[in-house]
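Asker: Below: one structure in structure tokens.
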Amino acid sequence: MNKISYIIIGAIITLAIIASVIYTSEEKETFYQYSNGLSTFDITILSDTETKIPFYLEDDPQEYYFSIRNDPKSLEDIPFYGNLANRIINDEAVVITIDPTQDLEGKTVVAAYELINVLGNELLYNKIVYTTVSEPYEDKTVVTCDNANDANTVIFLTLGEETQVYAYEYCIVVMATDEDELIRAADRLALHFLGIMP
Numbered sequence: 000m001n002k003i004s005y006i007i008i009g010a011i012i013t014l015a016i017i018a019s020v021i022y023t024s025e026e027k028e029t030f031y032q033y034s035n036g037l038s039t040f041d042i043t044i045l046s047d048t049e050t051k052i053p054f055y056l057e058d059d060p061q062e063y064y065f066s067i068r069n070d071p072k073s074l075e076d077i078p079f080y081g082n083l084a085n086r087i088i089n090d091e092a093v094v095i096t097i098d099p100t101q102d103l104e105g106k107t108v109v110a111a112y113e114l115i116n117v118l119g120n121e122l123l124y125n126k127i128v129y130t131t132v133s134e135p136y137e138d139k140t141v142v143t144c145d146n147a148n149d150a151n152t153v154i155f156l157t158l159g160e161e162t163q164v165y166a167y168e169y170c171i172v173v174m175a176t177d178e179d180e181l182i183r184a185a186d187r188l189a190l191h192f193l194g195i196m197p
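Shown next, in the form of structure tokens:
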């Protein structure tokens with residue numbers, strides 16, 4: 000084979016790789032409409048770790064986008080008890096706490112961030128959000144569900160036998176069987192706070 004044949008073969012292989020990358024990235028985007036019974040939302044799944052959802056604020060025609068890891072339809076299997084958004088509307092602050100004895104690591108930080116992204120957002124809830132621990136650990140302030148009150152809700156991220164989200168007095172418990180499920184449960188709560196999921 001001569002030099003021109005190698006160049007042509009190389010060009011064909013390069014074009015095939017580029018075409019497959021473009022096709023694969025386009026194939027991953029999924030669009031659907033999600034209805035919570037009151038409103039319908041256009042959902043765009045961009046990848047395994049990013050979903051984009053447009054929404055509007057009251058009296059503002061501007062469309063905003065919210066990004067979250069999991070889409071609403073994939074979270075419908077998580078048991079969810081109560082209208083938990085009402086618990087935080089008038090709060091001065093929200094405290095997200097984890098149990099350091101459960102060896103929760105990076106993925107739990109992602110779960111906490113998903114909630115902070117909604118609660119601390121100045122266009123949404125605009126709350127002061129603290130993160131801490133539920134058991135003594137280094138120099139961290141210990142906050143448990145017992146510290147929650149009508150001015151300060153505690154959100155407790157913990158592992159348990161079942162993935163679920165529920166209220167315990169002024170505390171919201173986000174429980175999951177592992178850290179991946181903890182992210183899903185936190186996303187379920189975040190989408191509830193946004194009014195996207197009931």
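Numbering that gives the first Met the number 0 applies: residue 0 is where the sequence shown begins, and numbers increase by one. Don't be surprised by glycine CBs; every beta carbon is placed ideally from N, CA and C.
For Asp190, count neighbouring C-beta atoms within 10 Å of its own C-beta (all shown protein chains included) and say buried if the count is 16 or more, exposed if not.
Answerer: Contrary to the premise, residue 190 reads as Leu rather than Asp in this sequence. Classification of Leu190: buried, given that the 10 Å Cβ count is 16 or more.
Asker: Take Asn125 and list the residues in its own chain whose beta-carbon comes closer than 8 angstroms to its own, dropping the five residues that flank it on each side.
Answerer: If we look at Asn125 and ignore the five residues flanking it on each side, its Cβ neighbours are Gly119.
Asker: Just grab the DSSP bridge partners of Val172 for me.
Answerer: Phe155, Tyr165
Asker: Note down the Cα distance separating Pro197 from Thr100, rounded to an integer number of angstroms.
Answerer: 32 angstroms
Asker: What does the Cβ neighbour count give for Asp186, buried or exposed, with the cut at 16 atoms within 10 Å?
Answerer: buried
Asker: Would you say Phe54 and Leu193 are within 8 angstroms of each other, going by their C-beta atoms?
Answerer: yes
Asker: DSSP puts Asp41 in a beta bridge; with which residues?
Answerer: Gln32
Asker: Quick check on Leu37: buried or exposed, where buried means 16 or more other Cβ atoms within 10 Å of its Cβ?
Answerer: exposed
Asker: Taking only three categories from DSSP, how would you classify Lys126?
Answerer: Note: Lys126 maps to coil in three-state DSSP.
Asker: Which residues mark the beginning and the end of the beta strand (DSSP E) in which Glu62 is found?
Answerer: 62-67
Asker: Do Arg86 and Ile171 have their CB atoms nearer than 8 angstroms?
Answerer: yes
Asker: Let me know if Thr48 comes out buried or exposed under the rule of 16 or more other beta-carbons within 10 Å of its beta-carbon.
Answerer: exposed
Asker: Per the DSSP calculation, Ile52 is bridged to which residue(s)?
Answerer: Paired residue(s): Phe65.
Asker: In angstroms, rounded to a whole number, what distance separates the CA positions of Val108 and Gln61?
Answerer: 31 angstroms
Asker: Indicate the three-state DSSP secondary structure (helix, strand or coil) for Val109 in the structure shown.
Answerer: In this structure, Val109 counts as helix in the three-state DSSP scheme.
Asker: Considering just the uninterrupted stretch of the beta strand (DSSP E) at Ile195, what are its terminal residues?
Answerer: No beta strand (DSSP E) holds Ile195; DSSP gives it neither H nor E.
Asker: Candidates Phe40, Leu123, Tyr33: which alpha carbon is nearest Asp59's?
Answerer: Leu123
Asker: Excluding the 5 residues flanking Lys139 on each side, which residues of the same chain have their C-beta closer than 7 angstroms to its C-beta?
Answerer: Thr131, Val132
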